[in-house]
Amino acid sequence: MFPNVSRPVAGRAFAALLVLLLMASCSPLTSFPASGLDTASCLATLPVPASVSGLFVEPDDGLDPVLDEFAAAACAIDVSVYILSDDLVIESLQAAAARGVRVRVMLEEFPFGGGGGQVEVR
């Protein structure tokens, strides 16, 4: 898929995309909530999902399944990823927020191994 990307990096990218896809789990409705205050009432109208053990996206599927889920979300999207840098994913999340979907993104605090500890200066 990406010839210059090592397998561990590609694996992490795939895992991040899978998390994004799993977090966009609202089904589409005919109307969208006007604000975040309506999120609870919107979620209450959704049917209880059947037992799902997981959703798998193959690496060759690309971003389309993830972007489709974001486009179909009607109430809320909660994303927890290591790093978020893909412009299409960011634009899709922004579009969802613009149409009234509650979008929450939680990123790794120190994604490049910074650790947040004191820096020793000599």
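Read in numbering that gives the first Met the number 0, the sequence shown has 48 at position 49, and its numbers run on one by one without any break.
Every residue gets a Cβ at the ideal spot worked out from N, C-alpha and C, and that includes glycine.
What you are looking at is a predicted structure, and each value in this text was computed from that prediction instead of being measured.
CA-CA distance, A72 and E108?
Indexing the sequence shown from 1 puts residue 72 at position 73. Indexing the sequence shown from 1 puts residue 108 at position 109. Going from the Cα of A72 to the Cα of E108 covers about 26 Å.
Within its chain, find whatever has a CB closer than 8 Å to the CB of L92; leave out the 5 residues flanking it on each side and keep chain order.
Against the sequence shown, residue 92 aligns to sequence position 93. Within the same chain, L92 has close Cβ partners F69, I76, V78, V102 and V104.
Cβ-Cβ separation, V88 to L62 (assumed contact under 8 Å), whole Å:
Numbered from its first residue, the sequence shown carries residue 62 at position 63. Numbered from its first residue, the sequence shown carries residue 88 at position 89. The Cβ separation is near 7 Å, so the contact holds.
Once DSSP output is grouped into helix, strand and coil, what is the label at V65?
Counting from 1 along the sequence shown, the entry for residue 65 is found at position 66. Correct three-state label for V65: helix.
Return the residue from the list C74, A95 and V65 that minimises the CA-CA distance to D37.
As a first step, residue 37 is located in the sequence shown; it is residue number 38 there, counting from the start. Ranking the options by Cα distance to D37, first place goes to C74.
Please state whether DSSP places V80 in a helix, a strand or coil.
The residue you call residue 80 lines up with position 81 of the sequence shown. Residue state, collapsed to three classes: strand.
Report the rounded CA-to-CA distance for V65 versus D59, giving the unit in angstroms.
As a working note, residue 65 is residue 66 in the sequence shown. As a working note, residue 59 is residue 60 in the sequence shown. Cα-Cα distance, rounded: 13 Å.
Straight-line CA distance for A97 to E90?
As a position in the sequence shown, residue 97 is number 98, starting the count at 1. As a position in the sequence shown, residue 90 is number 91, starting the count at 1. Going by the C-alpha atoms only, they are around 10 Å apart.
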